[in-house]
Every structure is written in C-alpha cells, then in structure tokens.
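Have a look at the structure below, then the notes.
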Amino acid sequence: MGLTIAERWFEFDRLADGVTRIWEPHVIRVMQCNIWHVRGRDRDLLIDTGLGVASLRAAAVHIFDRPLAAVATHTHIDHVGSLHEFTERIAHPAEARTLDRPSQNFSMLRTDHPVEFIAGLERAGYEVGPCFITALPAAEFALRAFTCPAAPATRLVEEGDVIDLGDRVFEVLHLPGHSPGSIGLWERNSGVLFSGDAVYDGPLLDELPGSEIATYLKTMQRLERLPVRIVHAGHDPSFDGARLRQLARAYLERRGARQS
Ligand SMILES: [Zn+2]
2 MGLTIAERWF EFDRLADGVT RIWEPHVIRV MQCNIWHVRG RDRDLLIDTG LGVASLRAAA
62 VHIFDRPLAA VATHTHIDHV GSLHEFTERI AHPAEARTLD RPSQNFSMLR TDHPVEFIAG
122 LERAGYEVGP CFITALPAAE FALRAFTCPA APATRLVEEG DVIDLGDRVF EVLHLPGHSP
182 GSIGLWERNS GVLFSGDAVY DGPLLDELPG SEIATYLKTM QRLERLPVRI VHAGHDPSFD
242 GARLRQLARA YLERRGARQS
C-alpha cells in the first residue's frame, strides 16, 4: 500500500477552560475520534482514547501527570482503542461487557470489511478510501491484524451520576441511539457538553449494529432543549448551542419526528 511512517501520531490543541483536544491526523474522518483532556483540581478527566494503533499514554505523558479518570462515551473501537492504558476506566453498563474482552480483529483495509458496512458509511456521507489510516503509526504495524486488549470498566455510570474533579463536576447524561450505552458529560455550571457520538457536526450514524433510530430521536429531542454553551463532540470541530439546536432539528426532521 506504500504508506509512510508518521512522524507523530497524535496532535494536541489547547482550548479554553483547561480543555485539550487530542486527535489522530492520519486516521480517516469517520474513525478520527476527538480525545478530550480536562484539567481538574484533584484529578483530570480523559474522554475517549482514540483508535489505539499507537500508545496514547506514551504520546501524552506530558499532560498525564496527575490522577486521571478515563471515560468511554461508548465502546466503538475508534473511541476505546487506548482505554487499556489507563487504570481508572468509566463506562455505561449497557456497553461495559464489550470492554471485558480483547477487541475483535479490526483490519485497517476496506476490503476486509463487509461491503454493507462500508456502503453504510458512504451513504451517510463519508469518503472511505482503501485504508482507514493514511500513514503507519510504526514500521512494524500490521494493517490487517489489529486488536486491542481488554479494558474492563472499573466504574459503571448511569444517567445522573457525577464525575467530580474537585473544582469541576460533570454529570452523566445517557444519550442512546448511536449506540445503547452512549453517554455525554455535562458541566452545568459552564454549559459545556462532551457529547461523544450522540451529536457532532458531521454525518451522524444511526444504522450501525446497536444503533436505534427511535431511541436516537428521543436523545435529539433532549439535546435540543439542553442549555448548552459549547459542545465538544466525538468527531469534528466544537460548536455552540445554536448549532446544536440546528443539528438536532435537522435530525428530527430527516428522521420524520417533526414536520418541517
Ligand atoms: Zn461511534
């Protein structure tokens, strides 16, 4: 395939409010997860961990210098690949079992996946090339033999539970639809929402195994009413509350829950 070896795998963008966005530039958009790091007084928060083809802990050792709670917004592989590298692992019970065993082999090659899986991503609006990564994380990386180790949850959280960083408190919102155990983290004081894949500013996926449109519609109705200032999502750039309401309304209209 002739892929070059990436000089570095992760990029770091420092945003306001002690938030850092970590991302993987050499992963195709549909699998390019935003990894969020939030500074707290007593401990830090890590929201999602990327594809796992390179060590997140090693790459980000300069910011992982304090106690850290790692949260899986859901268990799709592009969000939990490096979860096993962290000792405190938080997930929703509806998906926690997935983390108990190593992942299934996930080939980086398009041709190793069912035609219907790729067609579904393309129908949703994504371009999928021959390979899910556009550079190699290391010379010895095997494109068709990628698994990640088990990463059993050490804490299960449900709707209304809180994750307390000392000076910042995040409330768990159960936001199913994209997947059954999708959660968001809501900081009511600041109006900041980490939404995972429940909503992002790009083509939403509601026909994956485990997705459920009827449930997703309810989640969107709820998100539309949330007094959000900024959304840091599972993919694509962050956006404000007005854009969230636009995205939610567009989904509700598209899926027929509302006459336009
Ligand atoms: Zn997902």
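Residue numbers (our numbering): 2 to 261. Beta carbons are placed, not taken as given, at the ideal position from N, Cα and C, and that holds for glycine. All figures in this text were calculated on a predicted structure; none of them were measured in a lab.
Nearest neighbour of Ala215 by Cα position, chosen from Tyr252, Ile64 and Trp187, turns out to be Tyr252. Secondary structure at Ile78: helix, using DSSP grouped into helix, strand and coil. Counted as a single uninterrupted DSSP element, the beta strand (DSSP E) harbouring Ala71 occupies residues Leu69 to Val72. In chain order, the residues with a C-beta atom nearer than 7 Å to some heavy atom of ligand 1 are His75, His77, Asp79, His80, His179, Ser180, Asp198, Leu206 and Gly235.
Between the stretch 137-155 and the stretch 219-236 there are fewer than three inter-stretch CB-CB distances shorter than 8 Å, so the stretches are not counted as touching. His27 and Ser180 do not touch by the CB rule: their CB atoms are close to 25 Å apart, not below 8 Å. Within a 10 Å sphere around the beta-carbon of His236 sit 16 or more other beta-carbons, which makes this residue buried. Exclusion of the five residues before and after Glu159 leaves His93, Pro94, Val173 and His175 as the residues of its chain whose Cβ lies within less than 7 Å of its Cβ. About 28 Å separates the CB atoms of Met109 and Ile91; that is not less than 8 Å, and the two are not in contact. The C-beta distance from Leu100 to Pro153 rounds to 6 Å, short enough to fall under 8 Å. For Thr50, there is no enclosing alpha helix (DSSP H), as DSSP gives it neither H nor E. In this structure Leu166 is in contact with Arg42, their Cβ atoms being roughly 6 Å apart against a cut-off of 8 Å.
The C-beta separation of Asp45 from His80 comes to about 18 Å, leaving the pair out of contact by the 8 Å criterion. In this structure, the alpha-carbon of Arg255 lies about 44 Å from that of Ala140. Secondary structure of His175 (DSSP, three-state): strand.
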